[in-house]
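K.L.:
The structure under discussion is supplied below as structure tokens; questions concerning it will follow.
Numbering (the working numbering), first residue to last: 10 to 373.
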């Protein structure tokens, strides 16, 4: 029989999970790894446990438990030594990491200030914390702010816009995705407020284009589709009407992919086509040219030939046929009779043969 005290503890106890786990690690873990982490925290708190205890900690098959353990170890949440597992203090590690970062910049780590001398950065961090994190911003985001300002050379406005857009996309609490977004901006040269405005405009156009393509194809777009759509908007600078027309002229293919549409758009771009009207003229001319080529190939491969191709003079040409040539052709075209064999008799039947059938009364 189970201990009633254990059941009571299970009902009234709390499972403490560091905020930094939610903000920085949970997004990159699988569902099974997150669930298993909660189970072992509930069972062991911050205590160490061995492999046998690990298998008993959650109602999962052994294979699932081992895969979850390996994932938690690889992401730096658990430490294993001599088959004994222990929790890493995520809060302590995060604070130490941030203190080392600010110390490297010549800042007093005891103050936990973004910078020692630049008040503007402190105000920026405080504004981002209040606007995007309800006044409770994790230390890892201070590091990201410093990286944006120092390494990426973003202006203060750009850093604020970065976190604001992250909030609009509901990823501000997903530290890896925020880092990825910042890196994307840096590689795209988005370092000033004007570039941010252009990026936001592109983002709106991409969203509209994505909805249009999804509606036309009637399928869930994958990563490759989204990358191509982004290319159409940013690199090709093509509007929705052009994309819709590109889909329409490829309807004869049946299963139209974004790769087929991109090939069409790339061809238009190479030929300086920028509007639907220009594309319509271009496609009409291309259709006529393809039809001419098809007709030419058909005539070339056909067994039927024109009079000229067959060497026959047609009416109106300079060549004429003389009467002598005509008579000569008629003579040559006369039927040739087979020679009669010498062994075959061609005379009338002999009287002797007829006499065999004669009767004496016939002469009467």
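Glycine included, every Cβ here is placed at the ideal spot set by N, Cα and C.
Leaving out five residues before and five after residue 37 in sequence, what residues of the same chain have Cβ atoms less than 7 Å from its Cβ?
P.N.:
84, 185
K.L.:
Evaluate contact between the region 59–75 and the region 99–109, counting only Cβ atoms and requiring at least three cross-stretch pairs below 8 Å.
P.N.:
no
K.L.:
How many angstroms separate the CA atom of residue 177 from the CA atom of residue 228?
P.N.:
25 Å
K.L.:
For the region 180–223, which segments carrying the alpha helix (DSSP H) assignment without a break, of at least 4 residues, lie completely within its bounds, in sequence order?
P.N.:
Unbroken alpha helix (DSSP H) stretches of 4 residues or longer found wholly inside the region 180–223: 184–196, given in chain order.
K.L.:
Contact check, residue 252 vs residue 270 under 8 Å by CB: the rounded distance?
P.N.:
Contact between residue 252 and residue 270 holds, since their C-beta atoms are separated by about 7 Å, short of 8 Å.
K.L.:
At the level of alpha carbons, what is the spacing between residue 225 and residue 257?
P.N.:
10 Å
K.L.:
For residue 370, collect the residues of the same chain with a Cβ closer than 8 Å to its Cβ; drop the 5 residues on either side in sequence, then sort them by chain order.
P.N.:
Caution is warranted here: a pLDDT of 49 is assigned to residue 370, below 50, making its placement in the model unreliable, and the coordinate value is therefore given only provisionally. Leaving aside the five residues that flank residue 370 on each side, none in its chain has a CB nearer than 8 Å to its CB.
K.L.:
Going by the beta-carbon positions, is the gap between residue 215 and residue 238 smaller than 8 Å?
P.N.:
yes
K.L.:
Pull up the CB-CB distance for residue 133 and residue 169, whole angstroms please, since I reckon it's below 8 Å.
P.N.:
7 Å
K.L.:
Whose C-beta lies closer than 8 Å to the C-beta of residue 24 among residues of the same chain, with five residues either side of it excluded?
P.N.:
47, 50, 51
K.L.:
How should residue 155 be labelled, buried or exposed, when 16 other C-beta atoms within 10 angstroms of its C-beta is the threshold for buried?
P.N.:
buried
K.L.:
Please identify the residue among 246, 254, 182, 267 whose C-alpha is closest to the C-alpha of residue 234.
P.N.:
In terms of CA proximity to residue 234, 267 leads the group 246, 254, 182, 267.
K.L.:
Run the CB neighbour count on residue 144, radius 10 Å, all protein chains shown included, and call it buried at 16 or more, exposed below.
P.N.:
exposed
K.L.:
DSSP on residue 95, reduced to helix/strand/coil?
P.N.:
strand
K.L.:
Nearest to residue 57 by alpha carbon, out of 88, 29, 30, 71?
P.N.:
Among 88, 29, 30, 71, the Cα nearest to that of residue 57 is on 88.
K.L.:
Is it buried or exposed for residue 289, if we count other Cβ within 10 angstroms and need 16 for buried?
P.N.:
Flag for residue 289 reads exposed.
K.L.:
From residue 300 to residue 292, what does the alpha carbon distance come to, in whole angstroms?
P.N.:
Approximately 12 Å, taken between the alpha carbons.
K.L.:
Are residue 141 and residue 166 close, meaning C-beta to C-beta below 8 Å?
P.N.:
no
K.L.:
Run the CB neighbour count on residue 92, radius 10 Å, all protein chains shown included, and call it buried at 16 or more, exposed below.
P.N.:
exposed
K.L.:
Which term fits residue 175, buried or exposed, when burial requires 16 or more other beta carbons within 10 angstroms of its beta carbon?
P.N.:
buried
K.L.:
Would you decide whether residue 129 is buried or exposed? Buried here means 16 or more other CB atoms lie within 10 Å of its CB.
P.N.:
Under the 10 Å beta carbon count, residue 129 is surrounded by fewer than 16 other beta carbons and is classified as exposed.
K.L.:
Tell me which residue opens and which closes the beta strand (DSSP E) that residue 88 is part of.
P.N.:
According to the DSSP assignment, residue 88 belongs to the beta strand (DSSP E) that extends over 87–90.
K.L.:
Figure out for me which residue from 39, 90, 159 has the closest Cα to the Cα of residue 77.
P.N.:
39
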